[in-house]
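This report refers to the structure that appears directly beneath it.
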Amino acid sequence: MAERPSYGLGPRLDFQQLQFEAQHRWLRPAEICEILRNYRMFQITSEPHNRPPSGSLFLFDRKVLRYFRKDGHNWRKKKDGKTVKEAHEKLKVGSVDVLHCYYAHGEENENFQRRSYWMLEPDMTHIVFVHYLEVKGNKTNTGGNTDSYDVSSDSQRITSPSSGLPTNYSNVPSLSTDS
608 MAERPSYGLG PRLDFQQLQF EAQHRWLRPA EICEILRNYR MFQITSEPHN
658 RPPSGSLFLF DRKVLRYFRK DGHNWRKKKD GKTVKEAHEK LKVGSVDVLH
708 CYYAHGEENE NFQRRSYWML EPDMTHIVFV HYLEVKGNKT NTGGNTDSYD
758 VSSDSQRITS PSSGLPTNYS NVPSLSTDS
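So the sequence shown is residues 608 to 786, counted in the numbering used here.
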(Lines of atoms letter the chains of each structure in order from A; the text may use other names.)
(Lines give C-alpha, C1' and ligand atoms only; values in the text may rest on other atoms or scores of the structure.)
Protein backbone atom coordinates (compact mmCIF):
# COMPACT_ATOMS: atom_id res chain seq x y z
CA MET A 608 0.00 0.00 0.00
CA ALA A 609 1.35 3.44 -0.89
CA GLU A 610 2.10 5.86 1.92
CA ARG A 611 0.27 9.18 2.01
CA PRO A 612 2.32 12.27 1.20
CA SER A 613 3.47 14.51 4.07
CA TYR A 614 2.85 17.77 2.16
CA GLY A 615 6.33 19.08 2.87
CA LEU A 616 5.98 19.87 6.56
CA GLY A 617 8.08 17.04 7.91
CA PRO A 618 7.19 14.63 10.71
CA ARG A 619 7.19 17.12 13.60
CA LEU A 620 4.16 19.35 13.05
CA ASP A 621 3.43 21.32 16.24
CA PHE A 622 -0.38 21.33 16.51
CA GLN A 623 -0.31 23.53 19.60
CA GLN A 624 1.68 26.17 17.73
CA LEU A 625 -0.68 25.89 14.75
CA GLN A 626 -3.69 26.43 16.99
CA PHE A 627 -2.01 29.53 18.43
CA GLU A 628 -1.19 30.89 14.97
CA ALA A 629 -4.74 30.16 13.76
CA GLN A 630 -5.93 32.84 16.18
CA HIS A 631 -4.23 35.43 13.97
CA ARG A 632 -3.91 34.05 10.44
CA TRP A 633 -5.34 31.57 7.98
CA LEU A 634 -3.50 28.28 8.03
CA ARG A 635 -1.61 27.27 4.91
CA PRO A 636 -2.88 24.39 2.76
CA ALA A 637 -0.01 22.10 3.79
CA GLU A 638 -0.78 22.76 7.48
CA ILE A 639 -4.48 22.03 6.96
CA CYS A 640 -3.62 18.80 5.13
CA GLU A 641 -1.52 17.64 8.06
CA ILE A 642 -4.33 18.37 10.52
CA LEU A 643 -6.82 16.50 8.35
CA ARG A 644 -4.44 13.57 7.82
CA ASN A 645 -3.93 13.36 11.60
CA TYR A 646 -7.58 13.85 12.58
CA ARG A 647 -7.47 10.69 14.72
CA MET A 648 -5.25 12.59 17.18
CA PHE A 649 -8.33 14.68 18.06
CA GLN A 650 -11.91 13.94 18.95
CA ILE A 651 -14.34 14.97 16.25
CA THR A 652 -16.78 17.73 17.23
CA SER A 653 -20.21 16.12 17.69
CA GLU A 654 -22.38 19.20 17.05
CA PRO A 655 -21.92 22.71 15.67
CA HIS A 656 -21.19 25.44 18.21
CA ASN A 657 -23.33 28.55 18.49
CA ARG A 658 -21.57 31.64 17.12
CA PRO A 659 -17.95 30.51 17.54
CA PRO A 660 -15.54 33.47 17.81
CA SER A 661 -12.65 34.41 15.56
CA GLY A 662 -9.78 31.94 15.77
CA SER A 663 -12.03 28.94 16.47
CA LEU A 664 -11.08 25.63 14.86
CA PHE A 665 -13.24 22.53 14.57
CA LEU A 666 -13.08 19.07 13.03
CA PHE A 667 -16.35 17.48 11.92
CA ASP A 668 -17.26 14.15 10.35
CA ARG A 669 -19.76 14.92 7.57
CA LYS A 670 -21.06 11.34 7.73
CA VAL A 671 -22.08 11.89 11.37
CA LEU A 672 -22.98 15.60 11.37
CA ARG A 673 -24.48 16.71 8.09
CA TYR A 674 -25.31 20.27 9.15
CA PHE A 675 -21.95 21.35 10.57
CA ARG A 676 -22.46 24.81 8.97
CA LYS A 677 -25.42 25.66 11.26
CA ASP A 678 -23.31 27.73 13.62
CA GLY A 679 -25.65 30.61 14.55
CA HIS A 680 -23.76 33.23 12.53
CA ASN A 681 -25.53 35.29 9.88
CA TRP A 682 -23.62 34.71 6.63
CA ARG A 683 -23.96 36.67 3.38
CA LYS A 684 -26.75 35.17 1.27
CA LYS A 685 -27.17 34.49 -2.43
CA LYS A 686 -29.64 36.59 -4.44
CA ASP A 687 -32.46 34.25 -3.41
CA GLY A 688 -32.03 35.58 0.15
CA LYS A 689 -32.09 32.08 1.65
CA THR A 690 -28.96 30.18 0.67
CA VAL A 691 -25.59 31.08 2.17
CA LYS A 692 -23.24 32.43 -0.48
CA GLU A 693 -20.13 30.26 -0.32
CA ALA A 694 -17.22 30.53 -2.72
CA HIS A 695 -15.27 27.40 -3.60
CA GLU A 696 -11.64 26.86 -4.50
CA LYS A 697 -9.35 23.88 -4.83
CA LEU A 698 -6.11 24.49 -2.98
CA LYS A 699 -2.72 23.14 -3.97
CA VAL A 700 0.27 21.98 -2.02
CA GLY A 701 3.16 22.36 -4.38
CA SER A 702 1.59 21.84 -7.78
CA VAL A 703 -1.02 19.26 -6.73
CA ASP A 704 -4.68 19.99 -5.89
CA VAL A 705 -5.28 18.52 -2.43
CA LEU A 706 -8.07 20.47 -0.69
CA HIS A 707 -11.57 21.80 -1.21
CA CYS A 708 -12.09 25.18 0.45
CA TYR A 709 -15.54 26.72 0.89
CA TYR A 710 -15.68 30.17 2.45
CA ALA A 711 -18.44 32.48 3.59
CA HIS A 712 -18.39 36.12 4.70
CA GLY A 713 -20.38 37.55 7.59
CA GLU A 714 -23.54 39.52 6.78
CA GLU A 715 -23.02 42.17 9.48
CA ASN A 716 -19.21 42.05 9.43
CA GLU A 717 -17.73 41.26 6.01
CA ASN A 718 -14.30 40.78 7.59
CA PHE A 719 -15.52 37.81 9.63
CA GLN A 720 -15.16 34.61 7.61
CA ARG A 721 -15.71 30.89 7.91
CA ARG A 722 -13.59 28.53 5.84
CA SER A 723 -14.36 24.84 5.55
CA TYR A 724 -11.73 22.49 4.18
CA TRP A 725 -11.67 18.82 3.25
CA MET A 726 -9.28 16.63 1.35
CA LEU A 727 -9.78 15.68 -2.29
CA GLU A 728 -8.44 12.23 -1.41
CA PRO A 729 -11.54 9.95 -1.66
CA ASP A 730 -11.12 8.15 1.67
CA MET A 731 -10.62 11.48 3.52
CA THR A 732 -13.51 13.58 2.15
CA HIS A 733 -15.74 12.99 5.19
CA ILE A 734 -13.47 14.88 7.64
CA VAL A 735 -14.00 18.66 7.58
CA PHE A 736 -11.75 21.29 9.15
CA VAL A 737 -13.55 24.59 9.88
CA HIS A 738 -11.73 27.83 10.75
CA TYR A 739 -13.39 31.11 11.78
CA LEU A 740 -11.37 34.30 11.52
CA GLU A 741 -11.88 38.04 11.48
CA VAL A 742 -9.46 39.76 9.12
CA LYS A 743 -8.71 43.48 9.19
CA GLY A 744 -9.07 44.97 5.73
CA ASN A 745 -10.37 43.29 2.61
CA LYS A 746 -7.64 40.79 1.75
CA THR A 747 -9.11 37.45 0.83
CA ASN A 748 -6.45 34.98 -0.22
CA THR A 749 -7.32 31.37 0.47
CA GLY A 750 -3.99 29.72 -0.24
CA GLY A 751 -0.42 30.60 -0.94
CA ASN A 752 1.27 33.21 1.21
CA THR A 753 -1.00 34.05 4.13
CA ASP A 754 1.61 35.92 6.13
CA SER A 755 0.35 39.24 4.77
CA TYR A 756 -2.97 39.02 6.64
CA ASP A 757 -3.67 41.45 9.42
CA VAL A 758 -6.08 39.61 11.65
CA SER A 759 -7.82 40.57 14.86
CA SER A 760 -8.88 38.16 17.55
CA ASP A 761 -10.66 38.96 20.77
CA SER A 762 -11.01 35.38 21.91
CA GLN A 763 -9.22 34.08 24.96
CA ARG A 764 -7.16 30.93 24.70
CA ILE A 765 -6.98 28.36 27.43
CA THR A 766 -5.43 24.94 27.44
CA SER A 767 -7.66 21.94 26.95
CA PRO A 768 -6.95 19.23 29.50
CA SER A 769 -7.84 16.48 27.02
CA SER A 770 -5.64 17.55 24.13
CA GLY A 771 -3.15 20.08 25.46
CA LEU A 772 -4.16 22.45 22.67
CA PRO A 773 -5.15 26.08 23.27
CA THR A 774 -8.85 26.63 22.78
CA ASN A 775 -11.56 29.28 22.79
CA TYR A 776 -13.95 27.39 25.05
CA SER A 777 -13.45 26.38 28.64
CA ASN A 778 -15.55 23.22 28.30
CA VAL A 779 -15.16 22.38 24.60
CA PRO A 780 -11.71 22.10 23.03
CA SER A 781 -11.79 23.44 19.50
CA LEU A 782 -9.98 20.57 17.78
CA SER A 783 -11.42 17.98 20.12
CA THR A 784 -14.68 17.69 21.99
CA ASP A 785 -15.76 16.87 25.47
CA SER A 786 -15.76 13.10 25.92
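Even for Gly, the Cβ is constructed at its ideal location relative to N, Cα and C. Bear in mind that the values here come from a model prediction, so they are computed numbers and not experimental data.
Which of helix, strand or coil DSSP assigns to ILE651: On the sequence shown, position 44 is the one that residue 651 refers to. Note: ILE651 maps to coil in three-state DSSP.
Looking at the structure shown, is TYR709 part of a helix, part of a strand, or coil, going by DSSP? In the sequence shown, residue 709 corresponds to position 102, counting from 1. Strand at TYR709.
Rank GLN624, LEU625 and GLU638 by C-alpha distance to the C-alpha of LEU698 and give the top, closest one. Against the sequence shown, residue 698 aligns to sequence position 91. It is GLU638 whose Cα lies nearest to the Cα of LEU698.
Can you give the beta carbon distance from TYR739 to PRO660, rounded, assuming they're within the 8 Å contact cut? Taking the first residue of the sequence shown as position 1, residue 739 is located at position 132. Taking the first residue of the sequence shown as position 1, residue 660 is located at position 53. Approximately 7 Å separates the beta-carbon atoms of TYR739 and PRO660; this is inside 8 Å, confirming the contact.
Could you compute how far the alpha carbon of ASP730 sits from the alpha carbon of LYS684? Counting from one through the sequence shown, the residue named residue 730 turns up at place 123. Counting from one through the sequence shown, the residue named residue 684 turns up at place 77. Approximately 31 Å, taken between the alpha carbons.
Kindly indicate which residue of HIS695, ARG673, GLN720 and ARG635 has the alpha-carbon position closest to the one of TYR709. In the sequence shown, the residue the question calls residue 709 occupies position 102. The shortest Cα separation from TYR709 among HIS695, ARG673, GLN720 and ARG635 belongs to HIS695.
Thinking C-beta only, is ILE734 closer than 8 Å to LEU564? The question about residue 564 has no answer here: the residues shown for the chain are numbered 608 through 786.
Are LEU727 and HIS712 closer than 8 Å when you measure CB to CB? Counting from one through the sequence shown, the residue named residue 727 turns up at place 120. Counting from one through the sequence shown, the residue named residue 712 turns up at place 105. Going by C-beta atoms, LEU727 is not nearer than 8 Å to HIS712.
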